[in-house]
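J.: The structure that follows is given in the form of structure tokens.
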Amino acid sequence: MTALAHTAGAGTHAGGPAPGQGRRRGGIAAYLLLLPGALWLVLFFLLPLIQLFAVSLQSGFPGYPGYYYRDVNAGNYLTAITQFAGHFGRSLLYAGLATFFAFVLAYPLAYAMAFKAGRWRNVMMIAVIAPFFTSFILRTIAWRQILADEGPVARVLNTLHLLPGGRITETWVAVVAGLTYNFLPFMVLPIYASLERADPKVIEAGGDLYANGFTTFRTVTLPVSLPGVIAGTLLTFIPAAGDYVNAELLGSDRSTKMVGNVIESQFFRVLGGFPVAAALSFTLMALILAMVFVYVRRFGTEELL
Amino acid sequence: MALFSTGSSGFRRAQGDLHLEAVTKEFAAFTAVDDLSLTVPRGSFFALLGPSGCGKTTTLRMVAGLEQPTRGRVLIGDTDLTGSRPYERPVNTVFQSYALFPHLTIRDNVAFGPKRRGDADAARSAEDALELVQMSAMAGRKPAQLSGGQQQRVALARALVNRPEVLLLDEPLGALDLKLRRQMQVELKRIQTEVGLTFIHVTHDQEEAMTMADTVAVMNAGRIEQMGHPEELYDLPRTSFVANFVGQSNLGTGRITGADGHDLVVEVAGTTVRIPRDRSAVTSGPIMFGVRPEKVRISTEQPAGAGNDVKATVMDVSFTGVATQFLVTVPSGAVWGVYEQNLDVERNTIRPGDAVWLGWDSGHAFGVEADEASAEEARVAS
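Line order of the protein sequences matches chains R and Z.
So the first sequence is numbered by numbering that gives the first Met the number 0: it starts at 0 and just counts up by one.
So the second sequence is numbered by numbering that gives the first Met the number 0: it starts at 0 and just counts up by one.
Right, here's the structure in full:
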């Protein structure tokens, strides 16, 4: 392609600077600009990833827990999948629920910011971003106070007899609530960006062409903002599926552990758990990649693929 | 209206002329449209012409239902549409920015309206409409893959396909280059004649309005200044704004001093000129005299016995091929334009600085109310 452009350029623009040549110089500059980032990625992402993959296939020395030898031991994957299938399922379920709730909360908010906020738009934007000024851990610990047995939410619900188990913390509800809260801005911002960029006249055109308010939303506004919705769901689902902080701080030790918690404990608390932890990490990655691929194929736009 | 109903349950079937009755639209501290009444006969090509901010687009949006009037009524035939939503009206708009649905193909864009109205043959109707604007070949593409002119045709097809009682065009040719604009003007006129729908075309381009419309309404500051056939508007402007906005006019403020038969005698900066009484909007007191540049003849000798002549000094001569345009200073100090067709074999010998005589047939003169401010406004806007 580049070569073709080069010859064509040299043929037709003999007098002036050949555009093909300019493009080639631009190409070198582009590669030079990419170099630091590429080096960083190779050094701190690609090499560790290869190392992690190697670890996931290691075997432990029998009788010497914590010592390994290089091997091609797919048994680690078998252990990871069979023993922790429940955790995988829970991770995907919690992440899915959090993504759904984040979407339900974020879309009206983003819509209001884009179309109804007027001069309050910037205030709302700051309100969405402001939580980032506090540590993620700190905010999650704060949720522990909010949802605590003696906290305001649990008390009110208990008084109304709306809380069957009597508590919120140590349940999946708290974990999903924490995940939803923590990743909400990643859902709001892309949706807002795509709605804000939409031409209001396009939405008016829906009304002009016999679609009432709801039909216009369903057939015009929502599809027009779909790239933002897809970006938002990916930015929420992917980190939420791998998260372990919310389950650790808000969930129970037994019934709400996610894959992230298992990986953490296999790495740091279980002697000889390294290969299984690595296998768990790779399995999670493969699962998410597969799901994202199917999802983007199904709903995605040209902008994402 | 049920939240989950699709289609257009509140659709109003209405037929006939479009009537605006004493329509006013106020925004906060600004009156965009001021007590405007208007009738557009069914099947006519009607143009709303005016400078930006004159209220023409707001008027259009009130007909579409995209804005509601503060006061007054919008009717089609006997059906009062005031207060109804855009999707309930038998009216469609071609937006200035085209506003095509970016996520739909051209075919689906055009089929959108018919589908919403439950037309079982939406696809077929869409194909026909695309045929009409010669865009059938592009049916499978997305709007982003089309040029401005092509998008414009699609926007037109998307509105036409619904066979609305009134089709609104909001400066639809504004974004096109000159050549394409001329081509689309002819095409729009052809399509309108072919489909026989009422077209209301909003534009600030007087030439565009004049070439296409049966009736032109010139708007200024939320009101209609004058309405009529293009030739009528050009030949006999009734306000100084129209005199300047529709074509160019040579104007001079003066005073009516008497009458002579069918003519009014007017004194303008020491020169006596005549205006036929039926071509003047005022009959006594101060008046603004006007004559179109192409009606004025220029010569180096005083015209014999005309009585309508002014001595002037040439400031600028520009040769444009078919014609020569002169800018001259008249005794009042005003700058007039003179447009002479190059019909003669001899070349023009008049040069800047020359003293010349201007003459015209007094039957071409017109008189409007003396109003320097609005004349100036129109000069700037046009």
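The C-beta atom is built at its ideal place from N, Cα and C for all residues, glycine as well.
Mind listing the chain R neighbours of phenylalanine 26 of chain Z? Cutoff is C-beta to C-beta under 7 Å, in chain order.
T.: Taking the first residue of the second sequence as position 1, residue 26 of chain Z is located at position 27. Within chain R, no residue comes near phenylalanine 26 of chain Z; the closest Cβ sits about 14 Å away, beyond 7 Å.
J.: Going along chain Z, which residues have a C-beta under 9 Å from tyrosine 67 of chain R?
T.: Taking the first sequence and counting its residues from 1, one reaches residue 67 of chain R at position 68. The premise fails here: tyrosine 67 of chain R is roughly 53 Å from chain Z at the closest Cβ pair, so nothing lies under 9 Å.
J.: Count the other CB atoms, across all protein chains shown, that sit within 10 Å of the CB of glycine 26 of chain R; report buried if there are 16 or more and exposed otherwise.
T.: Against the first sequence, residue 26 of chain R aligns to sequence position 27. That one is exposed.
J.: Counting only beta-carbon atoms, is arginine 106 of chain Z nearer than 8 Å to chain R?
T.: Counted from its first residue, the second sequence places residue 106 of chain Z at position 107. It does not: the Cβ of arginine 106 of chain Z has no partner Cβ on chain R nearer than 8 Å.
J.: Is phenylalanine 266 of chain R near the ligand FMN - that is, is its Cβ less than 7 Å away from at least one heavy atom of it?
T.: Among the components modelled here there is no ligand, and therefore nothing to report on the ligand FMN.
J.: Is leucine 168 of chain Z close to chain R, meaning its C-beta is less than 8 Å from at least one C-beta of that chain?
T.: What you label residue 168 of chain Z is simply residue 169 of the second sequence in a count that begins at 1. No - not a single Cβ of chain R is within 8 Å of the one on leucine 168 of chain Z.
J.: Taking the continuous beta strand (DSSP E) assigned at lysine 200 of chain R, which residues delimit it?
T.: Locating residue 200 of chain R in the first sequence gives position 201, counting from the first residue. Not the beta strand (DSSP E): lysine 200 of chain R falls in the alpha helix (DSSP H), residues 199-207.
J.: Looking at the C-beta of arginine 297 of chain R, does it have a partner C-beta in chain Z at a distance below 8 Å?
T.: Indexing the first sequence from 1 puts residue 297 of chain R at position 298. Judged by the 8 Å Cβ criterion, arginine 297 of chain R is not in contact with chain Z.
J.: Taking only beta-carbon atoms, is serine 96 of chain Z less than 8 Å away from chain R?
T.: Locating residue 96 of chain Z in the second sequence gives position 97, where the first residue counts as 1. Closer than 8 Å: yes.
J.: Could you tell me whether any Cβ in chain R is nearer than 8 Å to the Cβ of leucine 17 of chain Z?
T.: For the purposes of this step, residue 17 of chain Z is taken as residue 18 along the second sequence, with counting starting at 1. No, leucine 17 of chain Z lies away from the interface with chain R (no Cβ there is under 8 Å from its Cβ).
J.: In chain order, what residues of the same chain lie with their CB nearer than 6 Å to the CB of phenylalanine 185 of chain R, ignoring the 5 residues before and after it?
T.: As a first step, residue 185 of chain R is located in the first sequence; it is residue number 186 there, counting from the start. Excluding residues within five positions, the ones whose Cβ falls inside 6 Å are Leu234 and Thr235.
J.: Specify the secondary structure class of proline 40 of chain Z as computed by DSSP and reduced to three states.
T.: On the second sequence, position 41 is the one that residue 40 of chain Z refers to. Proline 40 of chain Z falls in the coil class under three-state DSSP.
J.: Let me know if lysine 24 of chain Z comes out buried or exposed under the rule of 16 or more other beta-carbons within 10 Å of its beta-carbon.
T.: The count along the second sequence starts at 1 and reaches residue 24 of chain Z at position 25. Classification of lysine 24 of chain Z: buried, given that the 10 Å Cβ count is 16 or more.
J.: Report all residues from its chain with a CB closer than 7 Å to the CB of valine 201 of chain Z; omit the five preceding and five following residues, and keep chain order.
T.: Residue 201 of chain Z sits at position 202 when you count from the first residue of the second sequence. Counting only Cβ-Cβ distances below 7 Å, and skipping sequence neighbours, we find Leu47, Lys55, Thr56, Leu59, Leu168, Asp169 and Glu170.
J.: Figure out for me which residue from R:Gly74, R:Met123 and R:Pro35 has the closest Cα to the Cα of valine 275 of chain R.
T.: As a working mapping, residue 275 of chain R is identified with position 276 in the first sequence. It is R:Gly74 whose Cα lies nearest to the Cα of valine 275 of chain R.
J.: Helix or strand or just coil, what does DSSP make of tyrosine 63 of chain R?
T.: Position 64 of the first sequence, counted from the first residue, corresponds to residue 63 of chain R. In this structure, tyrosine 63 of chain R counts as coil in the three-state DSSP scheme.
J.: Compute the Euclidean distance between the alpha carbons of alanine 13 of chain Z and aspartate 308 of chain Z, then round it to the nearest angstrom.
T.: Position 14 of the second sequence, counting from 1, holds the residue named residue 13 of chain Z. Position 309 of the second sequence, counting from 1, holds the residue named residue 308 of chain Z. Near 56 Å, if we compare the C-alpha coordinates of aspartate 308 of chain Z and alanine 13 of chain Z.
J.: Under three-state DSSP, which class holds histidine 200 of chain Z?
T.: Residue mapping note: residue 200 of chain Z aligns to position 201 of the second sequence, counting from 1. It is a strand residue.
J.: Is the CB of arginine 11 of chain Z under 8 Å away from at least one CB in chain R?
T.: Taking the first residue of the second sequence as position 1, residue 11 of chain Z is located at position 12. False, the Cβ-Cβ gap to chain R never drops below 8 Å.
J.: On the DSSP letters alone, give me the boundaries of the alpha helix (DSSP H) that alanine 154 of chain Z sits inside.
T.: Along the second sequence, read from residue 1 onward, the residue named residue 154 of chain Z stands at position 155. Here the alpha helix (DSSP H) through alanine 154 of chain Z covers 147-159.
J.: With a threshold of 16 other CB atoms inside 10 Å of the CB of isoleucine 49 of chain R, please say whether the residue is buried or exposed.
T.: On the first sequence, residue 49 of chain R is found 50 positions in, with the first residue counted as 1. Looking at its Cβ environment, which holds fewer than 16 other Cβ atoms inside 10 Å, isoleucine 49 of chain R is exposed.
J.: With a threshold of 16 other CB atoms inside 10 Å of the CB of serine 389 of chain Z, please say whether the residue is buried or exposed.
T.: Lying outside 0 to 381, the shown extent of chain Z, residue 389 of chain Z is not represented and no answer is given.
J.: For chain Z, check one thing: does any of its Cβ atoms lie closer than 8 Å to the Cβ of leucine 303 of chain R?
T.: As a working mapping, residue 303 of chain R is identified with position 304 in the first sequence. The predicted model places leucine 303 of chain R with a pLDDT of 44, which falls under 50 and marks its position as unreliable, so this point remains unresolved.
J.: In this structure, how does DSSP classify serine 254 of chain R when only helix, strand and coil are distinguished?
T.: In the first sequence, the residue the question calls residue 254 of chain R occupies position 255. Of the three classes helix, strand and coil, the one that applies to serine 254 of chain R here is coil, per DSSP.
J.: Could you have a look at leucine 45 of chain R and say whether DSSP puts it in helix, strand or coil?
T.: Along the first sequence, read from residue 1 onward, the residue named residue 45 of chain R stands at position 46. Looking at leucine 45 of chain R - three-state DSSP - the assignment turns out to be helix.
J.: Report the neighbours of tyrosine 86 of chain Z on chain R: residues whose CB is nearer than 7 Å to its CB, in chain order.
T.: Here residue 86 of chain Z corresponds to residue number 87 of the second sequence, with the count starting at 1. Residues of chain R passing the Cβ test: Gly206, Tyr209, Ala210 and Asn211.
J.: With a CB to CB cut of under 8 Å and the five nearest residues on each side skipped, what residues in its chain are close to glycine 6 of chain Z?
T.: In the second sequence, residue 6 of chain Z corresponds to position 7, counting from 1. Its pLDDT being 42, under 50, glycine 6 of chain Z is placed unreliably by the model, and the measurement read from it follows with that caveat. Within the same chain, glycine 6 of chain Z has close Cβ partners Arg115, Arg116 and Gly117.
J.: For alanine 204 of chain R and asparagine 91 of chain Z, I'd like the C-alpha separation in whole angstroms.
T.: Position 205 of the first sequence, counted from the first residue, corresponds to residue 204 of chain R. Position 92 of the second sequence, counted from the first residue, corresponds to residue 91 of chain Z. Answer to the nearest angstrom: the Cα atoms are 9 Å apart.
J.: Do you know whose CA, among Z:Gly253, Z:Ser317 and Z:Arg276, lies nearest glycine 260 of chain Z's CA?
T.: One-based indexing of the second sequence puts residue 260 of chain Z at position 261. Out of Z:Gly253, Z:Ser317 and Z:Arg276, Z:Arg276 has the C-alpha closest to the C-alpha of glycine 260 of chain Z.
J.: Between alanine 119 of chain Z and chain R, is there a C-beta pair that is closer than 8 Å?
T.: Here the question's residue 119 of chain Z lines up with position 120 in the second sequence. No, no contact with chain R.
J.: Could you have a look at leucine 159 of chain R and say whether DSSP puts it in helix, strand or coil?
T.: In the first sequence, residue 159 of chain R corresponds to position 160, counting from 1. Note: leucine 159 of chain R maps to coil in three-state DSSP.
J.: Using the beta-carbon count (16 or more within 10 Å), is proline 151 of chain R buried or exposed?
T.: Along the first sequence, read from residue 1 onward, the residue named residue 151 of chain R stands at position 152. Exposed, because fewer than 16 other Cβ atoms sit within 10 Å of the Cβ of proline 151 of chain R.
J.: Cβ atoms of phenylalanine 111 of chain Z and leucine 208 of chain R: under 8 Å apart, would you say?
T.: Against the first sequence, residue 208 of chain R aligns to sequence position 209. Against the second sequence, residue 111 of chain Z aligns to sequence position 112. Cβ atoms of leucine 208 of chain R and phenylalanine 111 of chain Z: closer than 8 Å.
J.: Are three or more beta carbon pairs between the stretch 248-255 of chain R and the stretch 26-46 of chain R nearer than 8 Å?
T.: Judged by Cβ distances under 8 Å, the stretch 248-255 of chain R makes no contact with the stretch 26-46 of chain R, as fewer than three pairs qualify.
J.: Quick one: is aspartate 107 of chain Z buried, meaning 16 or more other Cβ sit within 10 Å of its Cβ, or exposed?
T.: Here residue 107 of chain Z refers to the residue found at position 108 when the second sequence is read from its first residue. Buried, by the Cβ-count rule.
J.: So arginine 73 of chain Z packs on leucine 19 of chain Z, CB below 8 Å; how close in whole Å?
T.: Here residue 73 of chain Z corresponds to residue number 74 of the second sequence, with the count starting at 1. Here residue 19 of chain Z corresponds to residue number 20 of the second sequence, with the count starting at 1. Note on residue identity: the sequence assigns valine, not arginine, to residue 73 of chain Z. Sure, about 6 Å apart at Cβ, within 8 Å.
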